[in-house]
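Peer 1: Here the working numbering is used: position 150 in the sequence shown is 155, and no number is missing along the way. Take this structure, written in structure tokens, and hold onto it; I'll ask about it next.
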Amino acid sequence: MKTKIFLYVAIFALAAAACNDDKDTTGPKITLLQPENEAAFARGGELLIEFRLDDPSGINAYKIDIHYAGEGHEHAHSQALSITPAHEDGEEEEHEEPWEFLEAYTDQKGKTSAHVEKTLTIPDDIHGGEYHLGILATDTEGNESQVYIDIDIEE
Ligand SMILES: [Zn+2]
Numbered sequence: 006m007k008t009k010i011f012l013y014v015a016i017f018a019l020a021a022a023a024c025n026d027d028k029d030t031t032g033p034k035i036t037l038l039q040p041e042n043e044a045a046f047a048r049g050g051e052l053l054i055e056f057r058l059d060d061p062s063g064i065n066a067y068k069i070d071i072h073y074a075g076e077g078h079e080h081a082h083s084q085a086l087s088i089t090p091a092h093e094d095g096e097e098e099e100h101e102e103p104w105e106f107l108e109a110y111t112d113q114k115g116k117t118s119a120h121v122e123k124t125l126t127i128p129d130d131i132h133g134g135e136y137h138l139g140i141l142a143t144d145t146e147g148n149e150s151q152v153y154i155d156i157d158i159e160e
């Protein structure tokens, strides 16, 4: 904890020393165009993800994160990846695992704006239900941003 605070102070001091008022301190602006929040998809179908990234100091990388929302968990979405499948042991045998998709891309590195389209195929052997779909992006200054929506995958 102390190291962390020290690090923040150090970073702040550095930032202040190098200070220009027009320093970029926010992550890329993410404009998600598709899908819409709470859109529904069929298992085995296609999922088109379309979004814009804008950042004055340049895009570094971005990620697409899709995970099962389970019993409606709420979490700080920066911690979105520490989800364990909700398996109860016992009578009911569960063959379908929740879908987890996480992929990082650097194909827009250095651009100040980008239009990204990715088509994913939804596996057909997964749990249906509510999922979270997130776009996470970093810029060349190390700033991060993220956008999450809910999508529904039909049983
Ligand atoms: Zn989530």
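For each residue, glycine too, the CB sits at the ideal point set by N, CA and C.
(1) May I ask you to check if the CB of H132 is nearer than 6 Å to at least one heavy atom of ligand 2?
(2) Compute the Euclidean distance between the alpha carbons of G49 and E55, then round it to the nearest angstrom.
(3) So, helix, strand or coil for T143, using DSSP?
(4) Roughly how many angstroms lie between the CA atoms of D94 and P103, to the nearest whole one?
(5) I believe A45 touches D130 by the beta-carbon criterion, under 8 Å. Please report the beta-carbon distance rounded to the nearest angstrom.
(6) Since G134 sits in a beta bridge, which residues does DSSP pair it with?
(7) Any idea if I140 is buried or exposed, counting beta-carbon neighbours within 10 angstroms, 16 or more meaning buried?
(8) Would you mind working out which of K123, Q113, E160 sits nearest F106, comparing C-alpha positions?
(9) In or out: N65 buried (at least 16 other Cβ within 10 Å) or exposed?
(10) For D59, report the span of its beta strand (DSSP E) as first-last.
(11) How big is the Cα-Cα spacing for T89 and E41?
(12) Ignore the nearest five residues each way along the sequence and tell me which others in Q113's own chain have a CB closer than 6 Å to its CB.
(13) Could you tell me the boundaries of the beta strand (DSSP E) in which N65 lies?
(14) Throw me the rounded Cβ distance for the N162 and T30 pair, which I believe falls under 8 Å.
(15) Per DSSP, what are the beta-bridge partners of I35 in this structure?
Peer 2: If we stick to the structure as given:
(1) Ligand 2 is absent from the structure shown, which contains only ligand 1.
(2) 19 Å
(3) strand
(4) Because the pLDDT of D94 is 48, which lies under 50, any placement of that residue in the model is unreliable, and the number read from its coordinates should be weighed accordingly. Approximately 16 Å between the Cα atoms of the pair.
(5) Their Cβ separation, rounded to whole angstroms, is 18 Å, which puts A45 and D130 out of contact at 8 Å.
(6) I158
(7) buried
(8) K123
(9) buried
(10) 51-59
(11) Caution applies to T89, whose pLDDT of 47 falls short of 50 and renders its modelled position unreliable; the value that the coordinates give is listed next. Distance between the alpha carbons of T89 and E41: 26 Å.
(12) I64, A119
(13) 64-73
(14) Since the first residue shown for the chain is 6 and the last is 160, residue 162 is missing from the structure and cannot be characterised.
(15) L58
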